[in-house]
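Written below as structure tokens is the structure these notes are about.
Number of protein chains: 2
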Amino acid sequence: MVEGRVTAAVLVIGDEILSGRTRDANSHYIAHYLLQIGIETREIRVVPDVEEEIVAALNALRSRYDYVFTTGGIGPTHDDITADAVAKAFGVGISEDPRALALLLERIKPEDLNAARRRMARIPDGAELVANPISKAPGFWIGNVVVMAGVPAVMQVMLDDVAPKLAHGVKILSETIDALGLPEGAYAAGLMDLAKAFPQLSIGSYPSLREGKFFNQIVLRGRDGDVLAAAAERTRAMLRGLD
Amino acid sequence: MVEGRVTAAVLVIGDEILSGRTRDANSHYIAHYLLQIGIETREIRVVPDVEEEIVAALNALRSRYDYVFTTGGIGPTHDDITADAVAKAFGVGISEDPRALALLLERIKPEDLNAARRRMARIPDGAELVANPISKAPGFWIGNVVVMAGVPAVMQVMLDDVAPKLAHGVKILSETIDALGLPEGAYAAGLMDLAKAFPQLSIGSYPSLREGKFFNQIVLRGRDGDVLAAAAERTRAMLRGLD
Numbered sequence: 001m002v003e004g005r006v007t008a009a010v011l012v013i014g015d016e017i018l019s020g021r022t023r024d025a026n027s028h029y030i031a032h033y034l035l036q037i038g039i040e041t042r043e044i045r046v047v048p049d050v051e052e053e054i055v056a057a058l059n060a061l062r063s064r065y066d067y068v069f070t071t072g073g074i075g076p077t078h079d080d081i082t083a084d085a086v087a088k089a090f091g092v093g094i095s096e097d098p099r100a101l102a103l104l105l106e107r108i109k110p111e112d113l114n115a116a117r118r119r120m121a122r123i124p125d126g127a128e129l130v131a132n133p134i135s136k137a138p139g140f141w142i143g144n145v146v147v148m149a150g151v152p153a154v155m156q157v158m159l160d161d162v163a164p165k166l167a168h169g170v171k172i173l174s175e176t177i178d179a180l181g182l183p184e185g186a187y188a189a190g191l192m193d194l195a196k197a198f199p200q201l202s203i204g205s206y207p208s209l210r211e212g213k214f215f216n217q218i219v220l221r222g223r224d225g226d227v228l229a230a231a232a233e234r235t236r237a238m239l240r241g242l243d
Numbered sequence: 001m002v003e004g005r006v007t008a009a010v011l012v013i014g015d016e017i018l019s020g021r022t023r024d025a026n027s028h029y030i031a032h033y034l035l036q037i038g039i040e041t042r043e044i045r046v047v048p049d050v051e052e053e054i055v056a057a058l059n060a061l062r063s064r065y066d067y068v069f070t071t072g073g074i075g076p077t078h079d080d081i082t083a084d085a086v087a088k089a090f091g092v093g094i095s096e097d098p099r100a101l102a103l104l105l106e107r108i109k110p111e112d113l114n115a116a117r118r119r120m121a122r123i124p125d126g127a128e129l130v131a132n133p134i135s136k137a138p139g140f141w142i143g144n145v146v147v148m149a150g151v152p153a154v155m156q157v158m159l160d161d162v163a164p165k166l167a168h169g170v171k172i173l174s175e176t177i178d179a180l181g182l183p184e185g186a187y188a189a190g191l192m193d194l195a196k197a198f199p200q201l202s203i204g205s206y207p208s209l210r211e212g213k214f215f216n217q218i219v220l221r222g223r224d225g226d227v228l229a230a231a232a233e234r235t236r237a238m239l240r241g242l243d
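Order-wise, the sequence lines are chains A and B. Just so you know, the first sequence maps onto residues 1 to 243 in UniProt numbering. Just so you know, the second sequence maps onto residues 1 to 243 in UniProt numbering.
Now the structure itself:
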């Protein structure tokens with residue numbers, strides 16, 4: 001446990017991601033968003049629409065991280081089983097929530113509120129609702145688990161709703177340094193020396209190819225701006241010495 | 001265990017994905033690719049560049065699925081620790097592999113083969129190499145775990161190298177049906193009836209919004225083309241009845 005550190009996991013629920021049908025954009029969005037408010041995402045998992053899989057992943061993740069953010073599986077169809085799985089993971093009951101039902105009725109006419117749509121008002125006992133200004137059907141928050149929709153636009157407004165209520169860590173700062181077209185092998189030894197000299201920083205090298213040429217970047221991350229600036233200066237000097 | 005079913009997990013290794021810096025394109029590519037050759041991806045995990053995390057995830061996944069495909073962490077820098085973590089997970093030694101070294105020397109001049117670059121020739125004992133026609137440094141395959149690079153172009157050629165050697169399941173077929181602009185709540189009950197009538201199929205509803213309007217799709221998936229066609233026809237008839 002690092003002081004000032006708040007950790008999170010993202011649990012993406014949905015067969016459509018695992019089949020390669022849908023590209024999961026949510027976990028990237030959430031990780032990026034959380035980092036801006038000082039919360040570190042330490043794990044992402046994608047599991048199918050299978051209750052025992054969701055329960056097992058949820059229990060593994062909620063015991064390890066300060067927060068778990070789930071996406072997907074809270075709509076009206078038979079494969080939307082997230083709310084029941086969350087209730088099971090927490091060992092609590094689940095029933096139709098009058099607050100959630102009232103929200104649904106802001107958008108759905110009473111005569112159109114069929115059994116399937118009413119399922120979206122099923123909320124585990126003791127959960128707080130998460131607002132959904134777009135399509136009204138709420139997410140919820142129970143213990144350290146925040147349950148959100150899978151549709152990106154809806155997930156994003158739900159995250160906006162919970163963000164102000166989250167415990168924030170000390171914001172993580174970063175410096176990205178272009179590796180001047182050098183291959184990783186040329187600067188790996190220098191970078192290892194830097195990692196040893198600045199153990200309080202996370203130092204990564206991210207190789208990529210652009211038009212067949214190396215376009216590598218070095219990223220330094222940490223909570224102390226002065227330490228970060230000193231390390232960045234030493235990194236740049238190290239690279240200039242190799243160029 | 002379903003007969004003819006071959007399962008896989010993808011393990012993405014890298015702080016850069018968890019920080020939201022880099023968008024993971026590999027797991028989507030792999031899931032889609034595997035489905036085409038009859039292998040079902042059942043779980044995706046993203047873990048940081050921390051040995052104990054990689055070992056724990058690897059051991060959890062390799063015991064549950066027929067194959068595990070990892071990406072990332074096999075370059076020359078200090079944060080590239082995947083090969084060591086895999087050796088540890090399997091309880092085997094790791095050393096410089098003459099075959100891997102020979103491959104590196106196809107691209108790197110002997111005088112440029114420094115200690116950092118030589119690390120890319122470290123391969124767990126008993127592993128087979130996976131070819132990398134792009135930048136030569138190989139991946140490897142040990143037990144049911146295939147270890148590939150994180151750079152997408154390199155990962156993709158490595159996957160091409162291993163694909164013909166994998167056990168393939170019966171190819172999964174799918175039908176995607178537009179929900180005619182209907183909201184999920186309108187067809188959820190009908191879809192649940194269909195799911196009960198065709199228990200051998202996976203039936204999902206995938207909501208999305210386009211320009212503020214519902215653009216939902218229903219996807220039916222299974223191994224028997226005749227069953228799939230019959231279910232698709234019933235789905236279309238059900239939707240037409242609601243339109």
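Glycine included, each C-beta is placed from N, C-alpha and C at the ideal position.
Sheet register partners of residue i (DSSP bridge)
i: B/I123; result: B/S95
i: A/E40; result: A/T7
i: A/M148; result: A/T71
i: B/V12; result: B/V46, B/T71
i: B/Y206; result: B/Q217
i: A/I142; result: A/V145
i: A/E128; result: A/W141
As assigned by DSSP and simplified to three states, the class of residue i
i: B/L105; result: coil
i: B/L239; result: helix
i: B/F90; result: helix
i: A/L113; result: coil
i: B/T176; result: strand
i: A/G222; result: strand
i: A/D80; result: coil
i: B/H168; result: coil
i: A/S27; result: helix
i: A/G181; result: coil
i: A/L201; result: coil
i: A/Y187; result: helix
i: A/Y33; result: helix
i: B/R62; result: helix
i: A/K196; result: helix
i: A/E233; result: helix
i: B/I134; result: coil
i: A/P21; result: Here residue 21 of chain A is Arg; the residue named in the question, Pro, does not match the sequence. A/R21 falls in the coil class under three-state DSSP.
i: B/E211; result: coil
i: A/M1; result: Bear in mind that the predicted position of A/M1 carries a pLDDT of just 47, short of 50, making it too unreliable to give a figure here.
Proximal residues to residue i (C-beta, below 8 Å), its chain only, five neighbours per side dropped
i: A/L194; result: I203, A231, R234, T235, M238
i: B/V227; result: F198, Q200, L201
i: B/D79; result: D15, D49, G73
i: B/I172; result: L35, G38, E40, R221, G222, R223
Distance CB(residue i)-CB(residue j) smaller than 9 Å
i: B/G20; j: A/Y29; result: yes
i: A/R107; j: A/I123; result: no
i: A/V86; j: A/V147; result: yes
i: B/I134; j: A/L182; result: no
i: B/A229; j: B/S205; result: no
i: A/L104; j: A/R117; result: yes
i: B/L58; j: B/A31; result: no
i: B/T71; j: B/M192; result: no
i: B/A131; j: B/E96; result: no
i: A/E175; j: A/V219; result: yes
i: A/S27; j: B/D125; result: no
i: B/P207; j: A/G225; result: no
Close-in-space but distant-in-sequence residues of the same chain around residue i (CB under 6 Å, 5 per side omitted)
i: B/A9; result: E43, L61, Y65, V68
i: A/T22; result: E16
i: A/R5; result: G169
i: A/L180; result: L239, D243
i: A/R45; result: L11, A57
Close-in-space but distant-in-sequence residues of the same chain around residue i (CB under 7 Å, 5 per side omitted)
i: B/T82; result: I13, I54, T70, G72, G73, I74, V147
i: A/Y33; result: L159
i: A/K136; result: L103, L104, E106, R107
Heavy atom of the ligand MN within 8 Å of residue i beta-carbon
i: A/E128; result: The ligand content of the structure shown is nil, which means the ligand MN is not present either.
Subject >> Contacting positions in the stretch 63-84 of chain A - beta carbon closer than 9 Å to chain B >> reply: Listed in sequence order: G75, P76, T77, H78, D79, D80.
Subject >> Contacting positions in the stretch 178-198 of chain A - beta carbon closer than 7 Å to chain B >> reply: Of all residues in the stretch 178-198 of chain A, E184, G185, A188, A189, L191, M192, A195 have a Cβ within less than 7 Å of some Cβ in chain B.
Original post:
Using Cβ-Cβ distances below 9 Å, what residues of the stretch 17-44 of chain B are close to chain A?
Top reply: For the stretch 17-44 of chain B, residues whose beta-carbon sits nearer than 9 Å to a beta-carbon of chain A comprise I17, L18, S19, G20, R21, T22, R23, D24, A25, S27, H28, Y29, I30, A31, H32, Y33, L34, L35, Q36, E40, T41, R42, E43, I44.
Original post:
Using a Cβ cut-off of 7 Å, which residues of the stretch 111-135 of chain A contact any Cβ in chain B, in chain order?
Top reply: N114, A115, A116, R117
Original post:
Going along the stretch 90-104 of chain B in order, which residues come within less than 8 Å of chain A, judged by CB to CB distance?
Top reply: none
Original post:
When Cβ atoms are compared, which residues of the stretch 135-155 of chain B fall closer than 7 Å to chain A?
Top reply: V151, A153
Original post:
Using a beta-carbon distance cut-off of less than 8 Å, what residues from the stretch 199-213 of chain B approach chain A?
Top reply: Against chain A - using a Cβ distance shorter than 8 Å - the residues of the stretch 199-213 of chain B are S202, I203, G204, S205, Y206, P207, S208, L209.
**OP:** Below 8 Å between beta carbons is the criterion; list the residues of the stretch 213-225 of chain A that meet it against any residue of chain B, in chain order.
**Re:** V219, R221
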